[in-house]
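Just so we're aligned, residue 41 is where the sequence shown starts under my numbering, counting upward by one. Note sheet for the following structure.
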Amino acid sequence: MTLPAAIRICHETSKYGFVFTRRGLTIESCASYFLPRLIGLSRAMSLISTGGVYPGNSKYFGDLFTETLPNAAQVLPRALELAQEMAENVSPLASSMSRALMWEGPSSPEAAHLLESRVFHHMAGQSDYTEGVSSFLEKRKANFQSDPQEHSPLSYPWWSEVDINVEPKKSKL
Numbered sequence: 041m042t043l044p045a046a047i048r049i050c051h052e053t054s055k056y057g058f059v060f061t062r063r064g065l066t067i068e069s070c071a072s073y074f075l076p077r078l079i080g081l082s083r084a085m086s087l088i089s090t091g092g093v094y095p096g097n098s099k100y101f102g103d104l105f106t107e108t109l110p111n112a113a114q115v116l117p118r119a120l121e122l123a124q125e126m127a128e129n130v131s132p133l134a135s136s137m138s139r140a141l142m143w144e145g146p147s148s149p150e151a152a153h154l155l156e157s158r159v160f161h162h163m164a165g166q167s168d169y170t171e172g173v174s175s176f177l178e179k180r181k182a183n184f185q186s187d188p189q190e191h192s193p194l195s196y197p198w199w200s201e202v203d204i205n206v207e208p209k210k211s212k213l
């Protein structure tokens with residue numbers, strides 16, 4: 041469930057794994073989408089195929105965890121510290137659009153450039169851009185106010201949304 045998170049922090053010797061296949065289940069929570077993109081197909085296939093559990097600093101996880109901490113009690117305080125730092129210094133609009141560009145972006149450099157340029161030009165017209173530049177020049181913390189739902193580009197979402205109302209195939213029994 042943490043795979044779509046922007047940052048993942050773990051305790052270096054706690055055990056982590058994708059044990060679904062050891063329980064007769066398939067992966068879920070978008071793991072089939074996120075896991076190979078985060079750690080590579082080979083590592084993802086190994087974790088899913090074996091269902092093994094490993095410490096957070098295992099090579100099997102590659103770069104899955106942004107930080108691996110030596111003490112389990114440090115994980116939550118560090119996560120809260122990062123969340124606070126992001127809340128105080130990052131535009132929610134710019135952050136959400138940047139993540140959407142990475143997760144739902146085009147598959148070619150040319151298409152990515154065209155989409156990023158459209159979104160970038162939209163963002164340059166938003167109050168968060170003005171505030172971000174002003175706060176930098178004035179050497180103060182920014183006070184971002186743009187609501188991602190209200191100030192996203194007109195082209196957002198730029199991907200085709202999935203029809204989730206698909207009827208399951210009827211049993212032939």
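Yeah, the Cβ is synthetic: ideal placement off N, Cα and C, and Gly gets one too. It should be emphasised that the depicted structure is a prediction, and the values quoted were computed from it without experimental measurement.
_N- and C-terminal bounds of the beta strand (DSSP E) containing Thr108_ = As a first step, residue 108 is located in the sequence shown; it is residue number 68 there, counting from the start. For Thr108, the uninterrupted beta strand (DSSP E) run begins and ends at Glu107 to Leu109, by DSSP.
- Query: Once you ignore the five residues that flank Ala46 on each side, which residues in its own chain have a CB closer than 7 Å to its CB?
  - Reply: Translated into positions along the sequence shown, residue 46 becomes position 6. So the qualifying residues of the chain are Arg139.
At the level of alpha carbons, what is the spacing between Ser89 and His161? In the sequence shown, residue 89 corresponds to position 49, counting from 1. In the sequence shown, residue 161 corresponds to position 121, counting from 1. About 44 Å.
| task | Note down, in chain order, each residue of its chain lying with its Cβ closer than 6 Å to the Cβ of Gly172, except the 5 sequence neighbours on either side. | result | In the sequence shown, counting from the first residue as 1, residue 172 sits at position 132. Excluding sequence positions up to five before and after Gly172, its CB lies within less than 6 Å of the CB of Ala182, all in the same chain and listed in chain order.
### Task
Taking 7 Å as the cut-off, decide whether the C-beta atoms of Thr61 and Gly92 are in contact.
What you label residue 61 is simply residue 21 of the sequence shown in a count that begins at 1. What you label residue 92 is simply residue 52 of the sequence shown in a count that begins at 1. No, these two residues do not count as a Cβ contact at 7 Å.
Cβ pair Ala123, Ile49 closer than 7 Å: Indexing the sequence shown from 1 puts residue 123 at position 83. Indexing the sequence shown from 1 puts residue 49 at position 9. No, these two residues do not count as a Cβ contact at 7 Å.
- prompt: Mind checking Gln166: buried by the 16 CB within 10 Å criterion, or exposed?
  reply: Here the question's residue 166 lines up with position 126 in the sequence shown. Gln166 should be labelled buried.
Lys99 (DSSP reduced to helix, strand or coil): On the sequence shown, position 59 is the one that residue 99 refers to. Helix.
> Where does Gly172 sit, in a helix, a strand or coil, going by DSSP?
Replying inline: Working through the sequence shown from its first residue, we reach residue 172 at position 132. Helix, per DSSP.
For Phe105 and Thr42, I'd like the C-alpha separation in whole angstroms. One-based indexing of the sequence shown puts residue 105 at position 65. One-based indexing of the sequence shown puts residue 42 at position 2. Rounded to whole angstroms, Phe105 to Thr42 spans 10 Å at the Cα level.
*Quick one: complete alpha helix (DSSP H) runs, 4+ long, within the region 42-123?*
71-79 and 81-90
query = Going by the beta-carbon positions, is the gap between Gly96 and Ser69 smaller than 7 Å?
reply = Position 56 of the sequence shown, counted from the start, is the residue given in the question as residue 96. Position 29 of the sequence shown, counted from the start, is the residue given in the question as residue 69. Not closer than 7 Å, so no.
Checklist entry - Should the region 141-154 be called in touch with the region 184-196, which here means at least 3 C-beta pairs below 8 Å? => result no
_Between which residues of its own chain and Leu78 is the CB-CB distance below 6 Å, once the five residues before and five after are set aside?_
The sequence position of residue 78 within the sequence shown is 38, counting from 1. For Leu78, where only same-chain residues beyond five positions count, the Cβ hits under 6 Å are Leu104.
Arg158 by DSSP, collapsed to three states: which one?
One-based indexing of the sequence shown puts residue 158 at position 118. Helix, per DSSP.
State the CB to CB distance for the pair Asp168 and Ala127, rounded to an integer number of angstroms; the pair is presumed to be in contact (CB under 8 Å). By one-based count along the sequence shown, residue 168 stands at place 128. By one-based count along the sequence shown, residue 127 stands at place 87. Not quite, the Cβ-Cβ distance comes to about 14 Å (not below 8 Å), so this is no contact.
Q | Inter-residue Cα distance where the pair is Ala112 and Trp198 | A | Locating residue 112 in the sequence shown gives position 72, where the first residue counts as 1. Locating residue 198 in the sequence shown gives position 158, where the first residue counts as 1. Ala112 and Trp198: Cα-Cα distance of roughly 40 Å.
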